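One structure is given below, encoded as structure tokens.
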Amino acid sequence: MRAFTNLFSAVKIKSELLFAGILALTLTGCASSQPVVKLFQEATVIKASAAGRPLFEYQFAPTAAFKPYIFQLYSPDGVAVLRDAAPDHIHHHGLMFALAVDGVTFWEEGKIGGWEIPRQTDVRGDGITQQLDWRNPSGATLLHETRTITPYTNSDVTLLTWRCRLETPPGTNAVTLSGHHYYGLGMRFAPSMDGVAVFQNSRHQPGEIVRGDERLAVADWVACTGPVDGKLVTIAIFDHPGNLRYPAKKFTMAAPFAYLSTTLNWQEPVQLKAGAPLDLCYGVAVWDGKMDANQIEQAFQCWLKSTQTP
Numbered sequence: 023m024r025a026f027t028n029l030f031s032a033v034k035i036k037s038e039l040l041f042a043g044i045l046a047l048t049l050t051g052c053a054s055s056q057p058v059v060k061l062f063q064e065a066t067v068i069k070a071s072a073a074g075r076p077l078f079e080y081q082f083a084p085t086a087a088f089k090p091y092i093f094q095l096y097s098p099d100g101v102a103v104l105r106d107a108a109p110d111h112i113h114h115h116g117l118m119f120a121l122a123v124d125g126v127t128f129w130e131e132g133k134i135g136g137w138e139i140p141r142q143t144d145v146r147g148d149g150i151t152q153q154l155d156w157r158n159p160s161g162a163t164l165l166h167e168t169r170t171i172t173p174y175t176n177s178d179v180t181l182l183t184w185r186c187r188l189e190t191p192p193g194t195n196a197v198t199l200s201g202h203h204y205y206g207l208g209m210r211f212a213p214s215m216d217g218v219a220v221f222q223n224s225r226h227q228p229g230e231i232v233r234g235d236e237r238l239a240v241a242d243w244v245a246c247t248g249p250v251d252g253k254l255v256t257i258a259i260f261d262h263p264g265n266l267r268y269p270a271k272k273f274t275m276a277a278p279f280a281y282l283s284t285t286l287n288w289q290e291p292v293q294l295k296a297g298a299p300l301d302l303c304y305g306v307a308v309w310d311g312k313m314d315a316n317q318i319e320q321a322f323q324c325w326l327k328s329t330q331t332p
């Protein structure tokens with residue numbers, strides 16, 4: 023723990039310098055003076071980079087996992103912050119989106135889990151768009167999703183917008199969306215963050231204890247800071263005001279492993295009806311160093327200006 027504290031002190035000056043860049047980004051707009059993002063599509067993965075540095079790797083057609091997901095996400099200095107398919111929870115895949123549909127889980131995998139099947143994937147200059155069929159173990163389509171991932175970047179922050187539109191498939195009048203308290207857009211962090219990750223959120227409240235180290239806090243954004251490869255990084259998820267039940271509950275846990283997700287308050291199931299799609303919009307940001315609440319709030323406000331409507 024002392025070594026972790028020393029890391030916080032060592033990066034304090036760098037974090038203060040980063041704030042000037044983030045503030046400038048906020049005042050001038052997210053899209054200004056950013057390097058061109060390049061997307062490279064391979065057999066099953068799409069890699070995003072800018073100015074010669076990696077941003078993320080998206081497994082759009084994974085051969086082993088039950089869902090497409092962001093396999094790896096990088097800080098501006100190139101630190102890889104995610105963990106995929108940890109032995110203790112093989113279904114934890116980097117940065118992923120999943121919930122339950124009509125009682126079928128798309129979070130857990132195996133015989134009880136459903137599949138998010140890619141139907142079409144388009145890579146354009148401004149991002150990735152993917153059509154997904156959510157199928158139960160018998161192969162029936164329960165839900166249709168249109169997913170869009172749009173990356174932004176500058177020298178101070180790696181930022182992406184994750185949008186999804188959820189709709190009933192043809193011939194289905196309604197489905198029920200539900201799940202455990204951690205279902206939603208979530209990410210498993212590098213093992214060096216386990217047990218020492220520090221969380222903060224826009225409401226400055228720790229939230230309710232669910233079990234053990236697991237908490238749920240109502241907030242506009244939630245962030246996690248911890249050490250990876252001997253360096254501190256901060257990762258945040260932003261909620262959009264246009265989302266259902268905004269601001270929704272944010273799930274955090276540091277032990278026995280570090281995890282973060284934004285939920286839709288799944289204690290209250292949602293009925294999704296034909297012709298009434300559910301649009302969701304989230305932001306994910308990664309910095310090198312420890313960011314304080316004011317810095318994260320500045321970036322959050324900048325991101326909101328870039329999204330317009332969900």
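Read in order, the letters of the sequence shown are residues 23 to 332 in my numbering.
Just so you know, even glycine gets a beta-carbon here, dropped at the ideal spot from N, CA and C.
Keep in mind that this is a model prediction, so the values were computed, not measured.
What are the start and end residues of the alpha helix (DSSP H) that includes A276? Numbered from 1 along the sequence shown, position 254 holds the residue referred to as residue 276. Run containing A276: none; DSSP gives neither H nor E here.
Using 7 Å as the threshold, is the C-beta distance between I171 and I150 below it? Numbered from 1 along the sequence shown, position 149 holds the residue referred to as residue 171. Numbered from 1 along the sequence shown, position 128 holds the residue referred to as residue 150. Using a Cβ distance threshold of 7 Å, I171 and I150 count as a contacting pair.
How about W238 and F273: do their beta carbons lie closer than 7 Å? Taking the first residue of the sequence shown as position 1, residue 238 is located at position 216. Taking the first residue of the sequence shown as position 1, residue 273 is located at position 251. Note that residue 238 corresponds to Leu in the displayed sequence, not to Trp. Result yes, Cβ atoms of L238 and F273 sit closer than 7 Å.
In whole angstroms, what separates the C-alpha of L117 from that of F211?
Translated into positions along the sequence shown, residue 117 becomes position 95. Translated into positions along the sequence shown, residue 211 becomes position 189. Whole-angstrom Cα-Cα distance: 9 Å.
Cutting at 8 Å between CB atoms, please list the residues of its own chain near A72, excluding the five before and the five after it. By one-based count along the sequence shown, residue 72 stands at place 50. Within the same chain, Q56, P57, V58, V59, K60, P173 and T175 come within 8 Å of A72 by CB-CB distance, once the 5 residues on both sides are set aside.
What does the Cβ neighbour count give for H226, buried or exposed, with the cut at 16 atoms within 10 Å? Here residue 226 refers to the residue found at position 204 of the sequence shown. Exposed.
How would you call D106, buried or exposed, if buried means at least 16 neighbouring beta carbons within 10 angstroms? Start at 1 with the first residue of the sequence shown, and residue 106 comes out as number 84. When all chains shown are included, D106 counts as buried.
I need the boundaries of the beta strand (DSSP E) containing N223, first residue and last residue. Residue mapping note: residue 223 aligns to position 201 of the sequence shown, counting from 1. Where N223 is concerned, the enclosing beta strand (DSSP E) stretches over V220 to N223.
Less than 8 Å between the CB atoms is what I'm expecting for V250 and V197, so what's the real figure, rounded? In the sequence shown, counting from the first residue as 1, residue 250 sits at position 228. In the sequence shown, counting from the first residue as 1, residue 197 sits at position 175. About 38 Å separates the CB atoms of V250 and V197; that is not less than 8 Å, and the two are not in contact.
How many Å lie between R146 and R187 at the Cα?
-> For this step, residue 146 is matched to residue 124 along the sequence shown. For this step, residue 187 is matched to residue 165 along the sequence shown. Taking the straight line from one Cα to the other gives about 19 Å.
Note to self: Given a cut-off of 7 Å on the beta-carbon distance, is the pair M275 and Y268 in contact?
What the structure shows: Position 253 of the sequence shown, counted from the first residue, corresponds to residue 275. Position 246 of the sequence shown, counted from the first residue, corresponds to residue 268. Against a cut-off of 7 Å, the Cβ pair of Y268 and M275 comes out as no contact.
task = Using only alpha-carbon positions, find the residue among F82, P76 and L77 that is nearest to A65.
result = To locate residue 65, count along the sequence shown from 1; it is residue 43. Checking every option, the nearest Cα to that of A65 belongs to F82.
Which of the three DSSP states is assigned to I318 in this structure?
Locating residue 318 in the sequence shown gives position 296, where the first residue counts as 1. I318 falls in the helix class under three-state DSSP.
Exercise. Return helix, strand or coil for M313, following the three-state DSSP convention.
Key: Within the sequence shown, residue 313 is the residue found at index 291, counting from 1. In the structure shown, M313 falls within a coil segment according to DSSP collapsed to helix, strand and coil.
**Q.** Reduced DSSP category for S71 - H, G, I as helix; E, B as strand; rest coil
**A.** Working through the sequence shown from its first residue, we reach residue 71 at position 49. Residue state, collapsed to three classes: strand.
- DSSP state of L286, grouped into three classes? One-based indexing of the sequence shown puts residue 286 at position 264. Coil.
Please state the DSSP three-state secondary structure of S97. Locating residue 97 in the sequence shown gives position 75, counting from the first residue. Three-state DSSP puts S97 in coil, outside helix and strand.
Original post:
Helix or strand or just coil, what does DSSP make of W137?
Top reply: For the purposes of this step, residue 137 is identified with residue 115 of the sequence shown, where counting begins at 1. W137 falls in the strand class under three-state DSSP.
### Query
When the Cα of F8 is compared with those of H113, D99 and G74, which residue comes out closest?
Here the chain has residues from 23 to 332 only, and residue 8 is not among them.
From T285, P192 and N265, residue whose alpha carbon lies closest to that of M209:
By one-based count along the sequence shown, residue 209 stands at place 187. Of the candidates T285, P192 and N265, the one whose C-alpha sits nearest the C-alpha of M209 is T285.
L294 and L164 look like a contact to me (Cβ under 8 Å); what is the Cβ gap, rounded to whole Å? Taking the first residue of the sequence shown as position 1, residue 294 is located at position 272. Taking the first residue of the sequence shown as position 1, residue 164 is located at position 142. Between L164 and L294 the Cβ distance is about 10 Å, and since that is not below 8 Å, they are no contact.
Query raised in the report: Buried or exposed: where does P90 fall if 16 or more other Cβ atoms within 10 Å of its Cβ makes it buried?
Result: Position 68 of the sequence shown, counting from 1, holds the residue named residue 90. Buried, by the Cβ-count rule.
Taking all protein chains shown into account, decide if N223 is buried (16 or more other Cβ within 10 angstroms of its Cβ) or exposed. Along the sequence shown, one-based indexing puts residue 223 at 201. Label assigned to N223: buried.
Between the alpha carbons of G264 and Q330, how many angstroms are there, rounded? Along the sequence shown, read from residue 1 onward, the residue named residue 264 stands at position 242. Along the sequence shown, read from residue 1 onward, the residue named residue 330 stands at position 308. The alpha-carbon atoms of G264 and Q330 are separated by roughly 10 Å.
Where R157 falls, given that 16 or more other Cβ within 10 Å makes a residue buried: For the purposes of this step, residue 157 is taken as residue 135 along the sequence shown, with counting starting at 1. It counts as buried.
* Applying the criterion that 16 or more other CB atoms from any shown protein chain within 10 Å of the CB defines a buried residue, is D310 buried or exposed? -> As a working mapping, residue 310 is identified with position 288 in the sequence shown. When all chains shown are included, D310 counts as buried.
TODO: Run the CB neighbour count on L77, radius 10 Å, all protein chains shown included, and call it buried at 16 or more, exposed below.
DONE: For the purposes of this step, residue 77 is identified with residue 55 of the sequence shown, where counting begins at 1. Its Cβ being crowded by 16 or more others within 10 Å, L77 is buried.
- [ ] Consult DSSP for S2 and reduce its assignment to one of helix, strand or coil.
- [x] The first residue shown for the chain is 23 and the last is 332, placing residue 2 beyond what the model contains.
With distances taken Cα to Cα, identify the nearest neighbour of K271 among A296, I231, T247 and A315. The residue labelled residue 271 in the question sits at position 249 within the sequence shown. From the listed residues A296, I231, T247 and A315, the smallest Cα separation to K271 is found for I231.
Go through its chain and collect everything with a Cβ distance to Q142's Cβ below 6 Å, but skip five positions before and after it.
-> Stepping through the sequence shown from its first residue, residue 142 is reached at position 120. Excluding residues within five positions, the ones whose Cβ falls inside 6 Å are Q153.
Next on the checklist: Can you give me the C-alpha to C-alpha distance between K327 and S160, rounded to a whole angstrom?
Outcome noted: Looking up residue 327 in the sequence shown gives position 305. Looking up residue 160 in the sequence shown gives position 138. In a straight line, the C-alpha of K327 is about 43 Å away from that of S160.
Review point. If you draw a straight line from the C-alpha of Y96 to the C-alpha of A102, how long is it?
Key: By one-based count along the sequence shown, residue 96 stands at place 74. By one-based count along the sequence shown, residue 102 stands at place 80. Taking the straight line joining both Cα atoms gives about 5 Å.
Q. Alpha carbon to alpha carbon, how far is D301 from A162?
A. Locating residue 301 in the sequence shown gives position 279, where the first residue counts as 1. Locating residue 162 in the sequence shown gives position 140, where the first residue counts as 1. Rounded to the nearest angstrom, the two C-alpha atoms are 23 Å apart.
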